[in-house]
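K.L.:
Have a look at the structure that comes next, please.
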Amino acid sequence: MSRDDDCVLILAVVRRIPRGRVATYGQVAAQAGFPKRPRLAGYALSHLPTGHDLPWHRVINAQGRPSFDPEGPAYRQQLQRLADEGVPNVDGRIDLARYRWQPQSSAPVLD
DNA sequence: AGGGTGACGGGCC
DNA sequence: GGGCCCGCCACCC
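All you need for our numbering is the position in the first sequence, starting with 1, plus 1.
This is how it looks when you write it as structure tokens:
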């Protein structure tokens with residue numbers, strides 16, 4: 002019950018992040034059923050097969066930044082992709098309070 | 001078997 | 001705000 006199985010669950014959550022929104026690693030992991038294990042989300046995303054169609058760029062860290070070397074290309078590419086779909090950043094930081102994905106199914110309101 | 005390494009995060013100072 | 005430390009745990013020597 003590890004590795005591939007867990008990754009599938011993580012990636013399934015990433016796939017649901019809508020355009021124009023972002024989610025943190027911790028958020029994705031928790032939603033996939035792995036609270037307190039943000040690194041699992043990081044692991045899953047770091048081993049994506051080439052040619053995948055997952056919106057990997059919509060996953061950022063809890064500080065609201067891409068978890069890449071700010072000097073490297075991946076960092077800028079992620080920001081670029083987000084900007085292209087309407088998620089702005091100020092100096093590489095995204096306003097999580099405003100753009101965080103809030104799945105409606107996380108806390109069903111019943112009465 | 002043991003130590004190091006992450007696309008992390010929270011707590012502290 | 002920023003930096004450090006530590007918990008976390010799958011993986012890879």
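Virtual Cβ for every residue (Gly too), placed ideally from N, Cα, C.
Here the structure is a predicted model, which is why all the values come from computation and not from measurement.
1. Buried or exposed for R20, please, with buried defined as at least 16 other CB atoms from any protein chain shown within 10 angstroms of its CB.
2. Taking the continuous alpha helix (DSSP H) assigned at D85, which residues delimit it?
3. Would you kindly check if the distance between the Cβ of V23 and the Cβ of Y100 is under 8 angstroms?
4. Bridge partners for T25 per DSSP, in chain order?
5. Determine which residues share a DSSP beta bridge with V91 and list them.
6. Note down the Cα distance separating Q103 from Q32, rounded to an integer number of angstroms.
7. Can you find at least 3 beta carbon pairs, one from the stretch 36 to 47 and one from the stretch 77 to 97, that sit closer than 8 angstroms?
8. Report the three-state DSSP secondary structure of Q16 (helix, strand or coil).
9. Considering only DSSP beta bridges, list what R101 is partnered with.
10. Which residues in the same chain have their Cβ closer than 7 angstroms to the Cβ of M2, if we skip the five residues on either side of it in sequence?
P.N.:
Working from what's here:
1. As a working note, residue 20 is residue 19 in the first sequence. Exposed, because fewer than 16 other Cβ atoms sit within 10 Å of the Cβ of R20.
2. Within the first sequence, the letter at position 84 stands for residue 85. Secondary structure note for D85: its alpha helix (DSSP H) is the uninterrupted segment P74 to D85.
3. Taking the first residue of the first sequence as 1, we reach residue 100 at position 99. Taking the first residue of the first sequence as 1, we reach residue 23 at position 22. Going by C-beta atoms, Y100 is nearer than 8 angstroms to V23.
4. Along the first sequence, one-based indexing puts residue 25 at 24. Partner(s): I61.
5. In the first sequence, the residue the question calls residue 91 occupies position 90. DSSP, once it has assigned bridges, lists R94 as partnering V91.
6. Your numbering for residue 103 matches position 102 in the first sequence. Your numbering for residue 32 matches position 31 in the first sequence. One C-alpha to the other measures close to 11 angstroms.
7. no
8. Here residue 16 corresponds to residue number 15 of the first sequence, with the count starting at 1. It should be pointed out that residue 16 corresponds to Arg in this sequence rather than to Gln. In the structure shown, the three-state DSSP call for R16 is helix.
9. Translated into positions along the first sequence, residue 101 becomes position 100. Answer by DSSP bridge pairing, in chain order: V23.
10. One-based indexing of the first sequence puts residue 2 at position 1. Only weak support exists for where M2 lies, its pLDDT of 48 falling under 50; the value from the coordinates is given anyway. Counting only Cβ-Cβ distances below 7 angstroms, and skipping sequence neighbours, we find nothing.
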